[in-house]
Each structure stands twice: as structure tokens, then as C-alpha cells.
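These notes are about the structure you will find just below.
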Amino acid sequence: MSSAIDQLLVIVLLINILVLGTHRTRVAIRAIAVQGIILGLLPSLTHTFHLQILLMSILVMLAKGFCIPWLLLGALKKVEQQESLAPYLGYSGNVIAGAIATGLAFAFAARLPLATAHQGLLIVPASLATIMAGFIDLASRRKAINQVVGYLLLENGIFIFGLLLTESMPLMVEAGALLDLIAAIFVMGIIINQINREFSSMDTGRMTSLREVE
Amino acid sequence: MGLIAFMVMLPLAGALAAWLITDNRKRPWVLPVTACLNLLLVAILLAAPELPSSPKGLIHLDAIGKVFLLEFAILFTACSFYAVNYLHYRKERNNRILCTGMQVCLAAMSMATVAHHLGLLWLAIETTTLAMAPLVYFNRNARSIEATWKYMLICSVGIALALLGIFFLAYATIAGGMEPSLELERLQGYAPALPRVWLNASFVFMLVGYGAKMGLAPMHTWKPDAYGEAPGLVGTMLAGGLANCGFLGLIRIYQICSAANNVAYFRATLVGMGLFSIAVAAAFLVRQTDFKRMLAYSSVEHMGLFTVALGLGGKAFFGAMLHVLGNGLGKGVLFLAAGNIHRAFASKNREYARGAIRRAPWSGTLFLAGFFALTGSPPFAPFFSEIAIISTAFTQGRTVSGLLLVLLLMTAFLGMAMTVIPVVFGDPPADRQRTRYHDAFLLVAPPLALLLVTGTIGIWMPAPLYQLLGEAAALLEKMP
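So the sequence lines, in the order shown, correspond to chains F and W.
For what it's worth, our numbering labels the leading residue of the first sequence as 10, then goes sequentially.
For what it's worth, our numbering labels the leading residue of the second sequence as 110, then goes sequentially.
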């Protein structure tokens, strides 16, 4: 069982790099959808089967695999034919930063005092690597919609860490957290459309009217 | 239990009603109705003997929660009456989202005060962030969209980091070989035995996460933009409601950390972070020409003061609890009055908005009085809370921190005065067109009421309130 989990987590890590390096926003959103579906599979694999876990799996797949990507693709459709904007680090810079972050995550996770049952699992390093990839994407992308994708990577990384502790979270709270995430993406999608209308671009680098005057 | 559930459901029902009502003029009246019923419910809850917690320990109204609940209820009531007249002024704008969002936010804030499960608390705080996002964008222009985007992104990332901190804490219980849990009381019991690495990591992530929500420097950058561009009453809710929610989150994690064995690290971090925030705020308050942005930096300053108080402990806890009321309500006075002045001059820059005392005498006076109240002038409540916090620093022998506090608070006071005085007393620019604004009853009565409440708390604090604040401070003091 644990080898299946590890293989899925390797795919998750590869998707991080793909999202960081892609020129095309549509590809990034599709990739994050696949990652969401994989994340939905994981709770059923990491825990002994019971109804709550199954329900959680289905909810996660629906939310992260379908609902959120659909909202983002909807936002993208309205703002199509955009010039592609290179990240501040450049595409290859993004990939290299992502790779370094992944390496650091593994080195760091090996030094953490984990419970004996969790030693040697990929869950903690994969979680940290995904969180860092999310941060890199968030900080270096210039288009608002790509920043949302970075935020989703960050959320996914946190979700992976949550696999270690499903028992302490009541289902209500977990479902609520997913609902909040969907609502957040919905609101962000609306804001993206408005940014595009007001600035005729999604480049957040152009949003500079609010700052302290010297 | 039933009463608490009813208190959370009531604003949600109000939100639904606001969403369904199609008449743009009648809709705002839902807000005062909800607010008054909510205030009544809160009064009943506060007067009632301590309620038992819910079966799984998820929900429990303790003294700390009561202080916040009281503040939220009073502040929301003032905002709701103000909103009726404000939205009448802006009748060209559809107010459905504003009326709905305000009430969803109130429900989530009430939820946060009673949540004793860290996951539930997180959920409530995240919901307040989301509910307020469309409200920051009420004016629908390029500047407000920029503000909303910054607010949304920084707060969402911050709150995600807080969730990671919560996960670390839950993992600490597993790594420590205990039954996994996120309930406050249980975690306090576990605290001394929790693996230190995970506890420290959890503390740092929650400090950064909830700190972003509070607007502690250096995560404060969204604040001046959001407060500057949002309508006055939304600014009131952000400064007196959401920022306090973030502080409540910080209090909860502090309650757990302070139950652990060696707390010097947590305390030093909190004091350092708080002082840094106050310093950044003071630096930006000097030379600030936009009076709404000025209020944002003032909020950063006071959030820093909260954090310092939490780190100092002892009598500063009492000061912090009193400051929750004094600062929250005082912010309400300033923001609502500032909103009026903004409309009277169609500008929020001290170059153009001058002489408010002649143009809008009530709002001008309230703005001035609110400024004195908030910066810690007697007889208002913030004076007593700030004295309590500063004197604690000296009695604990932290002379440097104490002196820094005094110096920075004075700088902030002078910086604010340099904006407030010309706005209130300056000569109105002759060449500017006169707006149709005039001080209406519902636009000045709510901030006046808030000012009277902060003054009353300062001069003559009702005995039950004094007792409540004492109990809340004692909860923070408790080291099992």
C-alpha cells in the first residue's frame, strides 16, 4: 500500500515542476486538476477504509479535481488571447528553484522528529516540497491567474501534510475548509475578471497606484 | 448550547433575507434588525452563568470569547445603523452583496469567539476573510480592485500558513504519542509533553498566519490599501472585527504554548514582533497625508501593542483585554467619522479635506475626539489599557522595551496629529466644489454612541465588565 502512495506522491512532485515551468496557463490549471484528483485518492490509501474517509475522498476530488479547475478555466476563457508573461525568475529559473526546493524539502524532512509509523514515508517531504513550490509560483508569477494556481499548490501541500492526521479533524471542519477554498477561488476568479477589465491586463506588476508617496 | 447556535444562525438568516429582498432601499434595514437582536442575544449570553461546553469540546464560550463577542456585537450595531444612511447616499449602487456579506461576517466572527477547536476557529476566521473581500471592492474602480486583490492574496496565503501551523500542532500530539486532538483544553493539558520542534514550528506558522490577518508588520502591506479604498463602515469591520479575530487566533495558540514548560521563547518572539509592528506603523504615520491610510497604520500600531501585551503577560493581559474593547470601539468612531469627512470633501487627503469642523461640525468633532481616545488620552478606555501594558513592561524590568513603547507611541501620536489637526481645523480650500453631504442623524449618532461607550468604560467601568475582563486575563495567566 505504501508503495502506491509513494508513487502517487512522485507524480504530485512532478506536477509541481510542470506547473512552475509551463508557458501556458491552461496547462497549469489542468495539471493542478490532476494533482487534485490524486490528492483525493490518497486519504483512502493512507487510512483504513471507513465511510467518513470515502466521503472525504469524493469531496476532495470533486472540489480540487473538478470544481476549482472549472472556475479557473472559466476565468481564463474571459481573458483569453493574453500575451504570455514570463515569471520574474524566468521559466527555467522557476523550474530550477522548484527542483532546489524539492531537494531541500527532502533533506529537511529527514531531520524532523517524526512518529515511528511515518518514518521513511514520502508524505512529509512531498508536502514541504509542494508548499515551497507554491510559494515560488506565487512570488514569481506576474499574472493574477497564475498566482491563484500558486496558491492552490500551497493549499495542496498543506493538504498532503493533513493526511497524517485525519483523525483529529472532524468531517464538518474538513468539508468546511474545502467549501471555503472553493469560495476563495470563486472570489479570486471574479477579481481576476475585474482586474482584466480595469487594467486591460492580468499583469499584477501594473497595479502600482496604491503605495506610499515619497 | 441552543442559544449559541441561535446566535450564529441569526445573522445567517439575516444574510439570506438581505439576499432575497429586491428593493435596494429597504434592504439595508435588515442590518439594524439583525444587529439589535444579536446585541440582545449577546447580552443574555453574557449575563447567563457559564454554559457547559458542547459534547466534543468544540464549542465553549469562555471569558475571553465573551470580551470579543461583546465588542463585535456593539461595533456591528453601530455599523448597521450607519449603513442605513450611508447606503441611502449611495443608492445608485446595488447593496445586496454588502448587506449579505456584513451579516455572514458577523456570523463567522461570533463563531470564532465560541470555537474551542482550532480547526473550527480557523474555519470561522477564514470565512470572515472571504465574506469581506467583495465589500472592499464596493466602489468598483481600479484602485479598489487593486486593494481587494492584495487583501485577498495576502490574507489567503496567511490563513493557509496558519492552517499548516494547526496541522503541525496536531502532528505534535501524534509524534508525542498522544491521542490526536485539536481541542483547546486537551492541547493545554498535553502541552508540556509535546515535542518542542513541532510546537515551536506551529507557533511560528500561526504567528505569521494570524499575524497577516491582524496586519502585523511585515505582513501588513494589504492593510493601508484595503482600509484606504473600502467604505468607512467596511473599514470599521476590518479594523475592529477582522483584525481582532486574528488576535483571538493568536491568543488561542498562546494559551497552548504558555502551558508548555519553557515559554521565554514565545514571549520574546511576541514582544519583538509587536515592537517591530509599532515601529513600522509609527514611521509610516509620520508624513501620512491620506487620513484613511493613516487609520490603517494606526491599526497596525495597535495590533503590535496587542502582541507586545501578550508577550509581556501579567497585568498586561488585563490591559490587552480592555484594549480589545477600547481599540475596537475607538476605531469605529474614527472610521465612521472619517467616512463622513471623506464624503463631505470628496477627498481623503489632508491637502484637500481641510476644516471639517466647519464643513461637517459633528463629524469633525467626532474625528478629533476619536483620535484622542484612540491614542490613549484620558478619560477613554485605551488610556487605561495602554498604561497597564506599558507599566507592566517597566515593572518586569524590561526597561528598554518599555521606553521603546513610550517613544514609539508618542511618535505615532504626533504623526497622527499632523494629519488630524489640519483635517479638522485647517482652512477649507476655496476652489473645490461643495458636495451634497451634510451630517445626518444616523451618520453621526453611531460613532457618537461608540465614543460614549469607550469614555464610559474609561471613567466608570461597570462592575460585571471589570469582573469579566479580570476572568479573561486570568484565563491567559493560567498555567496548568
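Backbone N, C-alpha and C fix where the C-beta goes; we use that ideal spot for every residue, glycine too.
Counting only Cβ pairs nearer than 9 Å, list the residues of chain F close to residue i.
| i | result |
| --- | --- |
| W:P304 | P122 |
| W:A122 | Residues of chain F passing the Cβ test: none, with the nearest at roughly 19 Å. |
| W:F393 | E221 |
| W:L585 | Per Cβ cutoff of 9 Å: no residues; W:L585 is ~24 Å from chain F at best. |
| W:E255 | I204, E207, F208, T213, M216, T217, S218 and L219 |
| W:A388 | Ordered by position in chain F, no residue passes the 9 Å Cβ test against W:A388, which lies about 16 Å from the chain. |
Taking Cβ-Cβ distances shorter than 8 Å, what residues in chain F pair up with residue i?
| i | result |
| --- | --- |
| W:D642 | Because chain W in this structure spans residues 110 to 589, residue 642 of chain W falls outside the shown range and cannot be described. |
| W:L239 | D189, A192, A193 and V196 |
Mark residue i as exposed unless 16 or more other C-beta atoms lie within 10 angstroms of its C-beta, in which case mark it buried.
| i | result |
| --- | --- |
| W:K165 | exposed |
| W:H225 | buried |
| W:P491 | buried |
| W:A539 | exposed |
| W:A284 | buried |
| F:E223 | Interpretation of F:E223 is limited by its pLDDT of 45, a score under 50 that renders its predicted location unreliable; no figure is taken from the coordinates. |
| W:E201 | exposed |
| W:N371 | exposed |
| W:F190 | buried |
| W:A331 | As written in the sequence, residue 331 of chain W is Trp, which differs from the Ala given in the question. Its Cβ being crowded by 16 or more others within 10 Å, W:W331 is buried. |
| W:T501 | buried |
| W:Y575 | exposed |
| W:T143 | buried |
| F:D189 | buried |
| F:A148 | exposed |
| W:N147 | buried |
Which residues share a DSSP beta bridge with residue i?
| i | result |
| --- | --- |
| F:Q126 | Going by the sequence as given, residue 126 of chain F is Ala instead of Gln. DSSP, once it has assigned bridges, lists no residue as partnering F:A126. |
| W:A224 | W:I168 |
| F:D212 | F:K152 |
| W:D72 | Residue coverage of chain W in this structure runs from 110 to 589, which leaves residue 72 of chain W outside it and unanswerable. |
| W:E292 | W:H226 |
Please check if any C-beta of chain W sits within less than 8 Å of the C-beta of residue i.
| i | result |
| --- | --- |
| F:S218 | yes |
| F:Y160 | yes |
| F:I5 | Chain F is shown only over 10 to 223; residue 5 of chain F falls outside these bounds and no answer can be derived. |
| F:L163 | yes |
| F:D146 | no |
| F:V69 | no |
| F:T31 | no |
| F:L51 | no |
| F:L174 | yes |
| F:A153 | yes |
Determine the chain W residues that contact residue i at a beta-carbon separation under 7 Å, and present them in chain order.
| i | result |
| --- | --- |
| F:G171 | F276 |
| F:G185 | L232 |
Excluding sequence positions up to five away, which residues of its chain have a Cβ less than 6 Å from the Cβ of residue i?
| i | result |
| --- | --- |
| W:L359 | Y319 |
| W:G621 | An answer regarding residue 621 of chain W cannot be provided, because it is not within the stretch 110 to 589 covered by chain W. |
| W:Q542 | none |
| W:I498 | A418, A425 and G428 |
| W:A126 | V139 |
For residue i, which residues of its own chain have a beta-carbon under 7 Å away from its beta-carbon, when the five flanking residues on both sides are left out?
| i | result |
| --- | --- |
| W:A391 | E410, L517, T520, A521 and G524 |
| W:S162 | I168, H169 and H225 |
| F:R150 | P96, Q156 and G159 |
| W:M118 | none |
Within the same chain, show all residues whose beta-carbon is closer than 8 Å to that of residue i, passing over the 5 residues directly before and after it, in chain order.
| i | result |
| --- | --- |
| W:I153 | L112 |
| F:G83 | G198 |
| W:Y374 | N309 |
| F:A108 | I26 |
| F:L17 | I47, L50, L51 and L54 |
| W:L230 | A221, A224, L357, G358 and R361 |
At a CB-CB cut-off below 9 Å, which residues of chain W make contact with residue i?
| i | result |
| --- | --- |
| F:M197 | A242, W258, M261, L262 and S265 |
| F:Q182 | Just to set this straight, residue 182 of chain F is Val in the shown sequence, not Gln. Residues of chain W passing the Cβ test: L167, H226, G228, L229, W231, L232 and L291. |
For chain F, find out if any of its Cβ atoms is closer than 8 Å to the Cβ of residue i; answer yes or no.
| i | result |
| --- | --- |
| W:I639 | It is not possible to answer for residue 639 of chain W, since the shown part of chain W is limited to 110 through 589. |
| W:P589 | Any reading at W:P589 must be qualified, since the residue scores a pLDDT of 41, below 50, and its modelled position is unreliable; the value itself is stated next. So, not an interface residue. |
| W:Y280 | yes |
| W:L207 | no |
| W:T236 | yes |
| W:L273 | yes |
| W:A425 | no |
| W:R252 | yes |
| W:L431 | no |
Applying a beta-carbon distance threshold of less than 8 Å, which residues of chain W neighbour residue i?
| i | result |
| --- | --- |
| F:T139 | Those within 8 Å of F:T139 in chain W number zero; the least Cβ separation is about 11 Å. |
| F:M178 | G228, A279 and L291 |
| F:I167 | A269, L272, L273 and F276 |
State yes or no: is the C-beta of residue i nearer than 7 Å to some heavy atom of the ligand SAH?
| i | result |
| --- | --- |
| W:L577 | This structure lacks the ligand SAH, and indeed carries no ligand of any kind. |
*asked:* Short of 7 Å Cβ to Cβ, which residues in the stretch 354–374 of chain W face chain A?
replied: No chain A appears in the structure shown, which is made up of the protein chains F and W.
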